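Residues in the sequence shown are numbered from 638 upward in steps of one, following this note's numbering. The beta carbon of each residue, even a glycine, is placed where N, CA and C say it ideally should be. Fair warning: this is a prediction, and the values are worked out from it, not measured in the lab. Below: one structure, written as structure tokens.
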Amino acid sequence: LIEALSDTEQSVSRFAALTLGQIGSSAAPAVPALAHLLASGNLDVRNSAAYALAQIGEPSISALTGALQGVSTAARIPAANALREIGRAAAPAVPALIVALNDPDADVRRAVARALERMNTPESQDALQTFYTRTVGGA
Numbered sequence: 638l639i640e641a642l643s644d645t646e647q648s649v650s651r652f653a654a655l656t657l658g659q660i661g662s663s664a665a666p667a668v669p670a671l672a673h674l675l676a677s678g679n680l681d682v683r684n685s686a687a688y689a690l691a692q693i694g695e696p697s698i699s700a701l702t703g704a705l706q707g708v709s710t711a712a713r714i715p716a717a718n719a720l721r722e723i724g725r726a727a728a729p730a731v732p733a734l735i736v737a738l739n740d741p742d743a744d745v746r747r748a749v750a751r752a753l754e755r756m757n758t759p760e761s762q763d764a765l766q767t768f769y770t771r772t773v774g775g776a
């Protein structure tokens, strides 16, 4: 399945990602290849990779945090969404999510804010309060 992630036929890589997501944490060896797909030019492939990483859970947190800090806006949004799906178990990503609240892209900031809301840690709540005050106050 990991080899299928790099197939040139996007439907094959998407199906492989979805299947790996159904396997869950046992699919942890696929995390690097799935994280690479977060920057795919195909929205369905990106979303399938994000779904799989979220289903794999804790083993994918480091890769998702890396994608969140990456250059590609296309990768940052699904990375934040996957961290949101992992939920409180992704609390180690809170510092990177807090930094990403300052992302130049509004869609990334929204995805990050939703992830931080789901984490519901004292740090995430403090950061969100500051973010919402700044956002509403600046409007």
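{"Query": "Assuming the contact rule is C-beta atoms closer than 8 Å, ARG755 and ARG721 should be a hit. Round their C-beta distance to whole Å, please.", "Result": "5 Å"}
{"Query": "Return helix, strand or coil for ILE639, following the three-state DSSP convention.", "Result": "coil"}
{"Query": "Give, in chain order, every unbroken run of the beta strand (DSSP E) that is at least 3 residues long and sits entirely within the region 659-694.", "Result": "none"}
{"Query": "If distances are taken between C-alpha atoms only, which option among VAL773, ARG713 and ALA727 comes closest to VAL745?", "Result": "ARG713"}
{"Query": "Excluding the five sequence neighbours on either side, which residues of its own chain have a C-beta within less than 7 Å of the C-beta of LEU675, listed in chain order?", "Result": "ARG683, ALA686, ALA687, ALA704, ALA712, PRO715 and ALA716"}
{"Query": "Go ahead and label ASN718 buried or exposed: buried means 16 or more other beta carbons lie within 10 angstroms of its beta carbon, across all protein chains shown.", "Result": "buried"}
{"Query": "Once you ignore the five residues that flank ALA764 on each side, which residues in its own chain have a CB closer than 7 Å to its CB?", "Result": "ILE735, LEU738 and LEU753"}
{"Query": "Within its chain, find whatever has a CB closer than 6 Å to the CB of ALA727; leave out the 5 residues flanking it on each side and keep chain order.", "Result": "ILE698 and LEU720"}
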